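Presented below is the structure to which this report refers.
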Amino acid sequence: MYYQRREGYTSRIKNFLKEYNGLIPVFGGIVTSGVVTLVAFGIGAAEHLQKMIEYGMTTQDWGYALKYVYEKGSELAGYYAAPAYLAGQLITYKFKKSVSNFVSKLIGGRKNV
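For any residue, its number in my numbering is found by taking its place in the sequence shown, counting from 1, and adding 84.
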């Protein structure tokens with residue numbers, strides 16, 4: 085009896101990991117991470133843009149000014165890439181499960197747990 089419960093528990097964990105790391109949740113995590121990274125890069129670049137335009141006008145060193153803006157934008161975007169991926173993967177997984185449960189209830193099948 086103990087071994088049957090333990091084996092069922094192990095198979096549920098394996099199924100969860102297989103579904104959670106499936107194609108749709110991973111793709112959702114990648115898309116979410118890309119969007120959040122792009123927005124964070126834009127915010128980080130815009131934050132330092134005015135200061136670097138003034139620096140470029142006074143010193144005429146536009147290469148350094150653009151490099152600095154790019155570095156600051158990339159730095160801010162790097163902070164949010166991994167958490168956005170994990171959140172996007174979790175949200176996509178939950179959304180996929182709720183849609184599949186809804187469709188299986190409409191069809192009349194068993195609940196997809």
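Ideal Cβ positions, reconstructed from N, Cα and C, are used throughout, including at glycine. Quantities reported herein were computed from a predicted structural model and do not represent experimental measurements.
Problem - Cβ contact (3+ pairs, closer than 8 angstroms) linking the stretch 168–185 and the stretch 126–136 - result: no
Problem - Limits of the alpha helix (DSSP H) - the one that residue 144 falls within - result: Counting along the chain, residue 144 falls outside any alpha helix (DSSP H), and DSSP gives it neither H nor E.
Problem - Within the stretch 87–134, ranges of the alpha helix (DSSP H) (whole runs, at least 4 residues) - result: none
Exercise for the section: Would you grab the beta carbon distance between residue 125 and residue 171 for me? Rounded to a whole angstrom, and I think it's under 8 angstroms. Expected result: Not confirmed; about 18 angstroms, so no contact.
Practice task
Thinking residue 139 and residue 149 are a contact (beta carbons under 8 angstroms), I'd like their distance in whole angstroms, please.
Solution key: 5 angstroms
Problem - Euclidean distance between Cα positions of residue 185 and residue 122 - result: 33 angstroms
Handout entry: Between the CA atoms of residue 144 and residue 111 - distance to the nearest angstrom
Key = 44 angstroms
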